[in-house]
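Those letters in the sequence shown? Residues 1 to 348, by the UniProt record's numbering. Report on the following structure.
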Amino acid sequence: LLTVARRSAGHAAARRQTADRSIAIVQMLEDERNDQVSDGFGDDRLKLMFACTHPAIAEDAQAPLMLQTVLGLDAARIAASFLVAPASMGQRLVRAKRRIRDAGIAFSIPDAEDIPARLSGVLSAIYAAYGTAWDDVAGADQRLAGLADEAIWLARLTVQLAPEQPEALGLLSLMLHCEARRAARRGLDDSFIPLRDQDVTLWSRDIMAEAEAALRSAARAARPGRFQTEAAIQSLHAQSRITGERLHGPLAQLYDVLARFAPTTGVLVARAVALAENGDTDAAMLQLDAIADAEAYQPWWAARARVLWLSNQELAAREAAIRAAGLSNDPGIRRFLLAGGYQNKPRG
């Protein structure tokens, strides 16, 4: 099993070399080594990820453990995905591994009937992996090469494993909608291009069609959730850009729904921008001001610049953009912010 995992998905091989560092995973590999029975998982990495959802492991450590042990991300990148300090994330992972060791937790692949109850952590890890790759807009970090494709592949396999689970379909739809726009995110000079200014002819219509099909399949279950809502938001963004129709009202409403499912810092920041684009800049600023400990979060400052500019507070918007640029490691994004990219859409 370990040999197969190391040979697959060329770009991801270096990341998965960390798989043998986890005592729990090594134990599971030993237990599974001679098991040739087809189990429907379709990929050894997905099997390992579900093994990390053992009920004895704290829920807030399950997805980070998958990202480190199976996908090979370091604690600093995992911490950035979950918006916690690297030291705190490192301690969380150490505690999880210590519990595995000290309690002698025997890992096992969950039975089919247990998959739904253990799905959430796996979806969270896939989502975080894709987000980590997506944030590297310029593709500057070769350690992340192939990670977005790997995340989409794992999402497809999860849908095959649990086709009746709408959130698995929702996550796949969300990532496909984002992936369809990848070619339009950068200019020829490596400049950053926000969604509202992208050349829609560069978007992949085939990938978008697949994303829409997955979202429709998820909706038939009539069990909405976080990832379905995020996918619906991306679908609406695409519709607005392609048709030219202003859909700020429906987008703001969807962000209200999303904030109820997942009131994370990232979601609340995005909701504030949606409110401002819909004309309610006062509510948007109240939302941003209510988010605790966001001063080191780059998107918070970028959103603040946008909201302040839409509020006709141009000097304050400029100051916020400078703060956002200072917190970004991406030269293209820094140039975009410092050049006033946050204001490149007419007010009203």
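Yeah, the Cβ is synthetic: ideal placement off N, Cα and C, and Gly gets one too.
Annotated three-state conformation of Arg241 is helix, per DSSP. By the Cβ criterion, the region 58–72 is not in contact with the region 169–188, since fewer than three pairs of Cβ atoms, one from each stretch, lie closer than 8 angstroms. Taken through DSSP and simplified to helix, strand or coil, Arg220 comes out as coil.
Counting along the chain, Ser124 sits inside the alpha helix (DSSP H) bounded by residues 119–135. Nearest Cα to Leu123 within the set Ile105, Leu161, Asp111, Glu277: Leu161. Following the DSSP letters along the chain, one finds Tyr297 in no alpha helix (DSSP H), marked with neither H nor E. Phe50 is not bridged by DSSP to any residue. Ala272 places its beta carbon less than 7 angstroms from that of Ala303. Per DSSP, Arg181 has no beta-bridge partner at all.
Taking 7 angstroms as the cut-off, the Cβ atoms of Ser311 and Thr281 count as close. The C-beta distance from Ala316 to Leu327 rounds to 17 angstroms, too long to fall under 8 angstroms, and the pair is not in contact.
Here Leu254 is buried. Its C-beta has 16 or more other C-beta atoms within 10 Å.
When Cβ pairs closer than 8 angstroms are counted between the two stretches, the region 216–225 is seen to touch the region 163–170, the count reaching three or more. Rounded to whole angstroms, Ala296 and Asp111 show a C-alpha spacing of 42 angstroms.
Secondary structure note for Phe192: it is in no alpha helix (DSSP H), with a DSSP letter that is neither H nor E.
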